[in-house]
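Written below as structure tokens is the structure these notes are about.
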Ligand code: ATP
Ligand code: MG
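In the working numbering, the protein residues as written are 100 to 494.
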């Protein structure tokens, strides 16, 4: 473990070492963009490090340092600009965060991010925290492949590192398929997980401060399609109440166990026998928390700002039932680049968030639509109407 992390206490709108109080973020994707929006609204300046000239966060930040994540000069510039630094991208190399963390408060810490970056380590952490995981086996050698128990089939072979949106995953029914799948994944270290009978999926987002203060969002119910989040529903009764309580308690213990500082999301499976199994965690705000921008009094990005700056953490309150629809590139392709936003925005309680990406590809997350309303039924009706306009399958 690294040395004790530096503590931040950075008030917005002040000068720090002669320059406006600036919060830095590693990664310039949509999560970074929404962090930047939240930080700027509070009065912070922002700095983004991302190699892409057109990165969604780089486009809206005061400073955009356009280098690779491990570029020494880039990291030095980010430190020179920023009073504290966070990450928006799970696969930011942990060594880059270690370098930054030696000189600036960094949240989350490199050690926590390193655990979340490795499915095997992450599962070991969940087990240490007493939270059940799917039956699984590490596959790093041909011997381990041969030793896999039949009870893990059918299963899903997942690369231990660098997977997202269902990438780096192959579903396998037999040992022969398993061997072919590992070959396809180029024999990188993997985890084989037993395919579980899911009734539903949910996630919980918490924010924890350096002083140990811990607050949580309500449980989100998530629908994935083709391994990609499609719909998040948040309102009373979205998942059985006893499982919601369990999921929140499990997430808090996972965060405590890491001495985590920042925003953490934990994804769960709800099995058909009404039990809860933890899937994975993301050491950052999460796609399933985007509804919080419009449906909560403090969004997950507001809380990311607070944890990074060392400000008090408000317990967020859901003030409106809400559904989020992810807007994938497929919609642009179906509408020749011009989805009918005017029709969607004519529906009550619709909030459009586009990430500034100009290049639509199938499965690419281009934006999301938050729907709020007075009741869950009303929100659902609007969400289904919006989905119909956009050619999103009903749910
Ligand atoms: P993310 O974009 O959330 O990082 P990912 O690529 O890391 O996704 P996972 O969360 O591991 O992938 O899996 C994606 C989806 O595949 C899950 O949300 C779930 O729908 C399905 N899935 C994964 N593992 C299992 C399992 N063991 N049993 C049944 N379904 C599973
Ligand atoms: Mg996932």
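Beta carbons: idealized from backbone N, C-alpha and C, even for Gly.
Could you compute how far the alpha carbon of residue i sits from the alpha carbon of residue j?
i, j, result
"residue 436", "residue 465", "12 Å"
"residue 234", "residue 164", "42 Å"
"residue 245", "residue 237", "12 Å"
"residue 495", "residue 410", "What the structure shows of the chain is the stretch from 100 to 494, and residue 495 is not part of that stretch, so it cannot be assessed."
"residue 101", "residue 197", "Confidence at residue 101 is low in this model, with a pLDDT of 48, below 50, so the placement of that residue is unreliable and no value is reported for it."
"residue 492", "residue 452", "20 Å"
"residue 249", "residue 181", "52 Å"
"residue 430", "residue 405", "35 Å"
"residue 256", "residue 298", "21 Å"
"residue 389", "residue 348", "21 Å"
"residue 185", "residue 130", "11 Å"
"residue 328", "residue 318", "15 Å"
Just mark residue i as buried or exposed, buried being the case when its beta carbon has 16 or more other beta carbons within 10 Å.
i, result
"residue 118", "exposed"
"residue 344", "exposed"
"residue 282", "exposed"
"residue 83", "Residue numbering for the chain in the displayed model covers 100 to 494; residue 83 lies beyond these limits and cannot be assessed."
"residue 216", "buried"
"residue 229", "exposed"
"residue 341", "exposed"
"residue 241", "exposed"
"residue 292", "buried"
Among the options, which one has its Cα closest to the Cα of residue i?
i, options, result
"residue 263", "114, 458 and 381", "381"
"residue 374", "141, 296, 251 and 173", "296"
"residue 290", "329, 417 and 243", "243"
"residue 239", "370, 270, 260 and 312", "260"
"residue 432", "443, 458 and 420", "458"
"residue 268", "226, 306, 218 and 106", "218"
"residue 469", "450, 413 and 204", "450"
Locate the alpha helix (DSSP H) running through residue i, then write down its first and last residues.
i, result
"residue 399", "399-408"
"residue 131", "129-141"
"residue 177", "171-180"
"residue 430", "428-433"
Terminal residues of the continuous beta strand (DSSP E) containing residue i?
i, result
"residue 483", "Counting along the chain, residue 483 falls outside any beta strand (DSSP E), though it belongs to the alpha helix (DSSP H) covering 475-489."
"residue 270", "268-271"
"residue 453", "449-453"
"residue 517", "Past the boundaries of the shown model lies residue 517; the chain is included only from 100 to 494, so the question cannot be answered."
"residue 124", "121-125"
"residue 278", "Where residue 278 is concerned, there is no enclosing beta strand (DSSP E), although the alpha helix (DSSP H) it sits in stretches over 274-283."
"residue 164", "162-164"
"residue 183", "183-186"
"residue 442", "Taken as a continuous stretch (DSSP letters only), residue 442 belongs to no beta strand (DSSP E), being part of the alpha helix (DSSP H) at 440-444."
"residue 113", "From DSSP, residue 113 is part of no beta strand (DSSP E); its letter is neither H nor E."
Can you check the region 294-323 for any beta strand (DSSP E) of at least 3 residues that lies completely inside it and give the ranges in chain order? 297-307 and 313-315
What beta strand (DSSP E) runs, 3 residues minimum, are completely inside the region 224-257? 235-238
May I have a chain-ordered list of the alpha helix (DSSP H) segments no shorter than 4 residues that lie completely inside the region 325-403? 340-356 and 391-394
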